[in-house]
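When we follow my numbering, the leftmost residue of the sequence shown carries the number 568, and every step to the right adds one.
In what follows, a structure is listed as structure tokens, so that the remarks can point back to it.
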Amino acid sequence: MQVPKAKFGLYIHIPFCQRKCGYCDFYSLAQADELVRPYLEALRHEIALYGLEAEYRRRQVDTIYFGGGTPSLLNPSQLESLFDTLHQYFDLSTVVETTIEANPGTISMEKLCAYRNIGINRLSLGVQSFFDQDLQVLGRIHTADEAQACVRQARAAGFNNLNIDLIFGIPGQSVESWWENLRLATTLGVDHLSIYNLIYEPGTPFARKQDLGKLTPIPEEMEAEMYFSAIDFLGRHGYQQYEISNFAQPGKFCQHNQNYWNGGEYLGLGASAHSFIDSRRFWNVADVHLYIKLLTEGKYPCSGEEKLTLAQQLLETIFLSLRCTKGLNIDRFCHRFGKDFLRKLIAVLENLQSAKEEPLWSVAEGHLRLTPQGFWFSDEVFSQFVLAASIDFKSSRPILKLSPTVCP
568 MQVPKAKFGL YIHIPFCQRK CGYCDFYSLA QADELVRPYL EALRHEIALY
618 GLEAEYRRRQ VDTIYFGGGT PSLLNPSQLE SLFDTLHQYF DLSTVVETTI
668 EANPGTISME KLCAYRNIGI NRLSLGVQSF FDQDLQVLGR IHTADEAQAC
718 VRQARAAGFN NLNIDLIFGI PGQSVESWWE NLRLATTLGV DHLSIYNLIY
768 EPGTPFARKQ DLGKLTPIPE EMEAEMYFSA IDFLGRHGYQ QYEISNFAQP
818 GKFCQHNQNY WNGGEYLGLG ASAHSFIDSR RFWNVADVHL YIKLLTEGKY
868 PCSGEEKLTL AQQLLETIFL SLRCTKGLNI DRFCHRFGKD FLRKLIAVLE
918 NLQSAKEEPL WSVAEGHLRL TPQGFWFSDE VFSQFVLAAS IDFKSSRPIL
968 KLSPTVCP
């Protein structure tokens with residue numbers, strides 16, 4: 568009897584942007600057209616290096632995700648060439664979902680139809696807002712009208728699995744304008760929404776402007792109202808919340824991201840991409856020039872790796888589970904890590920609960936779950952549990968944060 572091949576997700580990082588947004592801390596370069604061709608050639612070399620390994624010959628890809636950066640800057644022939652290389656070196660026969668991130672300012676009907684012909688069946692649009700004032704603050708290159716037109720074009724091109732990203736907490740944004748964003752999104756009939764509060768990440772232009780008093784974050788109470796009202800509004804319009812920031816119509820959950828949150832395996836290709844295979848995490852150099860140089864020399868572009876300790880596995884199980892609405896499977900967790908850590912987690916939750924009016928967590932059907940209030944205070948849950956469990960936890964990527972997580 569033939570043993571089924573193990574499945575894994577494939578993430579491909581395209582680190583080029585027309586303009587770098589002031590709040591973004593993902594690795595990307597703006598106005599670097601001269602690097603696109605050599606980068607794609609290096610990317611094909613990396614695909615070949617991993618594809619020839621026996622470890623990946625024993626596996627099948629089930630999801631593919633093109634993230635960035637702005638992958639939609641690539642022309643259709645460049646994407647098709649990448650797909651040809653992927654088909655040459657990986658088993659793609661069981662792929663059920665292929666996503667590309669796109670900026671409305673870089674999309675045309677021609678590109679959208681080409682994506683469908685190539686085999687891309689899920690589109691994630693970085694709309695961020697349907698208001699020009701918000702888009703100007705964020706430094707986006709598209710207009711509100713272009714955002715709506717792009718959604719309609721995607722539908723006309725045949726995309727029936729369509730996500731849009733929206734940001735709340737933008738300076739100058741009101742609760743009422745946020746509600747209007749949600750109303751427009753649901754009226755346009757998108758299948759999936761990812762909502763993120765604006766984070767002033769250290770080292771970004773937005774963080775520097777905040778330090779200089781040139782940008783003032785909106786009050787946290789207003790941000791919380793926006794978040795909770797979105798949960799209520801989207802729920803009433805048929806969208807199911809399945810993760811801190813993600814909402815979808817039935818059958819439209821993002822399978823690629825679910826694989827991350829379920830602790831599944833994935834291979835990241837491209838500059839700065841992260842991978843998780845066989846309890847081993849490894850990540851590529853976050854430098855396009857060095858990435859190209861290493862692969863031109865036939866070397867792996869890996870910058871570091873770690874084998875997850877039991878303590879890291881414990882914490883990642885908790886925090887990846889708690890960011891999802893299905894929660895933590897109690898029996899499975901106790902079987903793997905013991906009941907003592909569960910008691911410590913519950914003690915942390917009870918301690919935090921004593922200072923909050925609304926319930927933060929619940930237990931039902933064998934699962935421990937955070938409530939919407941619990942999601943909002945999830946960073947506190949994380950930090951308090953690390954202290955209570957007396958674990959020295961060092962990880963190469965964030966676990967819980969109400970901000971974009973599509974890049975592994």
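All C-beta atoms, glycine included, are put in the ideal place defined by N, C-alpha and C.
- Annotated three-state conformation of Cys869 is strand, per DSSP.
- Listed in chain order, the beta strand (DSSP E) runs fully inside the region 613–688 are 626–635 and 664–669, counting runs of at least 3 residues.
- A residue is called buried when at least 16 other Cβ atoms come within 10 angstroms of its Cβ; Lys906 does not meet this threshold and is exposed.
- Relative to His759, the option among Val953, Ile913, Trp746 and Arg689 whose CA is nearest is Arg689.
- Gly837 counts as buried, since no fewer than 16 other beta carbons sit within 10 angstroms of its beta carbon.
- For Lys860, the secondary structure class from DSSP, reduced to helix, strand or coil, is helix.
- Within the region 784–872, the alpha helix (DSSP H) runs of at least 4 residues that lie entirely inside it are, in chain order, 787–803, 822–828 and 855–863.
- Straight-line spacing of the CA atoms in Arg936 and Leu602 works out to 46 Å.
- With respect to Ala752, Leu782 sits apart: the two C-beta atoms are not nearer than 8 Å.
- Closest in alpha carbon position to His612, among Glu810, Phe575 and Tyr656, is Tyr656.
- The continuous beta strand (DSSP E) containing Phe735 extends over residues Leu729 to Phe735.
- Minimum Cα-Cα distance from Ile798 among the listed residues Ser812, Ile785, Glu788 and Glu787 corresponds to Ser812.
- In the three-state reduction of the DSSP assignment, Leu751 falls in the helix class.
- Here Val694 carries a strand assignment [DSSP, helix/strand/coil].
- Residues Pro643 of the same chain have their beta carbon placed closer than 7 Å to that of Ala681, with the five preceding and five following residues left out of the count.
- Taking all protein chains in view, the Cβ of Cys869 is surrounded by fewer than 16 other Cβ atoms within 10 Å, so the residue is classified as exposed.
- Linking Ser929 to Gln585 through their CA atoms gives a straight-line distance of about 45 Å.
- The residues Gly576, Thr630 and Tyr833, in chain order, have a CB closer than 7 Å to that of Asn826 in the same chain once the five nearest residues on each side in sequence are set aside.
- With fewer than three CB-CB distances shorter than 8 Å, the region 859–869 does not count as touching the region 618–626.
- Under DSSP, Val930 shares a beta bridge with Leu935.
- Between Leu679 and Gln645, the gap from beta carbon to beta carbon reaches 8 Å or more.
- DSSP, reduced to helix, strand and coil, places Ala721 within a helical segment of the structure shown.
- Judged by their CB atoms, Gly805 and Gln816 are nearer to each other than the 8 Å cut-off.
- Burial check for Gln695: the Cβ neighbour count within 10 Å reaches 16 or more, so the residue is buried.
- Burial of Val948 is indicated by the presence of at least 16 other C-beta atoms within 10 angstroms of its C-beta.
- In this chain, the alpha helix (DSSP H) harbouring Phe904 covers Ile897 to Phe904.
- Within the same chain, Cβ atoms closer than 8 Å to the Cβ of Met676 are found at Gln720, Ala723 and Ala724, the five residues on either side in sequence being excluded.
- Burial state of Gln598 is exposed, judged by a 10 Å Cβ sphere holding fewer than 16 other Cβ atoms.
- Secondary structure of Ser945 (DSSP, three-state): helix.
- Distances from the CA of Leu610 to each of Gln627, Arg626 and Ser648 were compared; the closest alpha carbon is that of Ser648.
- Secondary structure of Ala922 (DSSP, three-state): coil.
- In the three-state DSSP reduction, Ala599 falls in the coil class, being neither helix nor strand.
- Counting other Cβ atoms within 10 Å of its Cβ, Leu881 reaches 16 or more and is therefore classed as buried.
- It is roughly 44 Å from the alpha-carbon of Ile913 to the alpha-carbon of Tyr858.
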